[in-house]
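Student: The sequence shown begins at 1147 in the working numbering and counts up one residue at a time.
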Amino acid sequence: MKNTLVIASHKPHILEFVDSLNKDADLSVRLWDYHEINIEIEKGVSRVSCGDESLDDFDEILVLAAPDHLHHVFSTIGLYAETHGLSMHDHTFGDASGKLYQMMNLQNAGLNVPDTFYGTPEFLEKALFKMGGVGVLKSTHGTKGNQNYLVNSPLMLRQILAENENTTFILQNFIKNDGDYREIVINYTAFLSIFRSSGGKDHRNNTSLGGSAKIVEDVDEELLRLAESAARAMKIEFAGVDVMKDQDSGEYYILEINRTPQFASGSFVDEKTEALKKYLKN
Ligand SMILES: Nc1ncnc2c1ncn2[C@@H]1O[C@H](COP(=O)(O)OP(=O)(O)O)[C@@H](O)[C@H]1O
Ligand SMILES: [Mg+2]
């Protein structure tokens, strides 16, 4: 018998509906409330779960309730389903925006991303503990360092979540760094590397928050190829890829890929214009 998962909410009429399906001896149906879904993306392994049940326990997933603002989460689950041989209906949740979707997509492409967790406050608290008590809690749709917090206690984590109820967050392990790279990648070719650093004044290196920036010429080939692969995995042709080098392991990690990166504003407009000209003349 096929194991079917219904994702909706625990509203009484849904519970009744699932009960009525289960009365049929040929059906085996479980219900997950989408508020309780947890997603983890760790070195080479990802997992979608609810309590102690895993998405892998099912053959077929039926999404019967999905609020618009969480379509990016359902799209992320869809990516997982696709790569794990699960059939999900509807399989065309098409919201490829946000950092959670990006992390799952890059992980599926075999590229390095920070350990990333999405889910209930309890789940995130456990994840924080697992990562040694320190992590970066950031909005899936934040920009320019907004709604991005360095958390170092369960209390702080809970407080930020409670104060931002309408924001979808991910929690990541904090990568030790002295700055990060913004790679301008046009049509999957790296054209320009900008190194940005807060100089230790903030855990965020965004120049919009006062971080310094410099152009770097002799960038590691590995970093360039990683940024190009990331843009390709996300199918973003004009990309600003943020990459960080872990000072402990020396490994590179992709933090995010910005669509429509600023060409005509921000730092190094002349250099960015040159890069664009070089591409257009080709
Ligand atoms: N996992 C992480 N470890 C260490 N620093 C991080 C991590 N995630 C983000 N940061 C810092 O926060 C900054 C902003 O995060 P980012 O994911 O690029 O979001 P955005 O720039 O869209 O606000 C990064 O440039 C980096 O300095
Ligand atoms: Mg960024």
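Every residue gets a Cβ at the ideal spot worked out from N, C-alpha and C, and that includes glycine.
Quick caveat, the model's predicted, so the values are computed rather than measured.
Could you please give the first and the last residue of the uninterrupted beta strand (DSSP E) stretch that includes Glu1206?
Tutor: Along the sequence shown, one-based indexing puts residue 1206 at 60. Run containing Glu1206: Glu1206 to Val1209, per the beta strand (DSSP E) assignment.
Student: Along the chain, where does the alpha helix (DSSP H) that runs through His1235 open and close?
Tutor: Numbered from its first residue, the sequence shown carries residue 1235 at position 89. Segment Ser1233 to His1235 is the beta strand (DSSP E) holding His1235; no alpha helix (DSSP H) there.
Student: Helix, strand or coil: how does DSSP classify Arg1350 here?
Tutor: Numbered from 1 along the sequence shown, position 204 holds the residue referred to as residue 1350. Three-state result, Arg1350: coil.
Student: Just checking Asn1292 against ligand 2 - is the residue's beta carbon closer than 8 angstroms to any of the ligand's heavy atoms?
Tutor: By one-based count along the sequence shown, residue 1292 stands at place 146. No, ligand 2 has no heavy atom inside 8 angstroms of this Cβ.
Student: Closer than 8 angstroms: is that where the CB of Asp1348 sits relative to any heavy atom of ligand 2?
Tutor: Mapped onto the sequence shown, residue 1348 falls at position 202. Outside the cutoff, so no.
Student: Leaving out five residues before and five after Asp1179 in sequence, what residues of the same chain have Cβ atoms less than 6 angstroms from its Cβ?
Tutor: Here residue 1179 refers to the residue found at position 33 when the sequence shown is read from its first residue. Cβ within range, chain order: Ser1155 and His1156.
Student: What residues in its chain sit with their C-beta under 6 angstroms from that of Asn1404, if we drop five residues either side in the sequence?
Tutor: Indexing the sequence shown from 1 puts residue 1404 at position 258. Once the five neighbours on either side are set aside, the close Cβ partners of Asn1404 are Gly1386.
Student: Does ligand 1 have a heavy atom nearer than 8 angstroms to the CB of Phe1263?
Tutor: For the purposes of this step, residue 1263 is taken as residue 117 along the sequence shown, with counting starting at 1. False, no ligand heavy atom lies under 8 angstroms from that Cβ.
Student: Can you give me the Cβ contacts of Gly1357 inside the same chain, cut-off strictly under 7 angstroms, excluding the 5 residues immediately before and after it?
Tutor: By 1-based counting over the sequence shown, the position of residue 1357 is 211. So the list reads Arg1342, Ser1343, Ser1344 and Asn1351, once near-sequence residues are dropped.
Student: Using 9 angstroms as the threshold, is the C-beta distance between Ile1185 and Ile1153 below it?
Tutor: Position 39 of the sequence shown holds residue 1185. Position 7 of the sequence shown holds residue 1153. No, the Cβ-Cβ distance between Ile1185 and Ile1153 is not below 9 angstroms.
Student: Between the C-alpha atoms of Asn1298 and Phe1163, what's the straight-line distance to the nearest angstrom?
Tutor: Reading the sequence shown from its first residue, position 152 is the one you call residue 1298. Reading the sequence shown from its first residue, position 17 is the one you call residue 1163. In a straight line, the C-alpha of Asn1298 is about 43 angstroms away from that of Phe1163.
Student: Given a cut-off of 9 angstroms on the beta-carbon distance, is the pair Tyr1247 and Leu1283 in contact?
Tutor: Counting from 1 along the sequence shown, the entry for residue 1247 is found at position 101. Counting from 1 along the sequence shown, the entry for residue 1283 is found at position 137. No, the pair does not count as a contact, with Cβ atoms beyond the cut-off.
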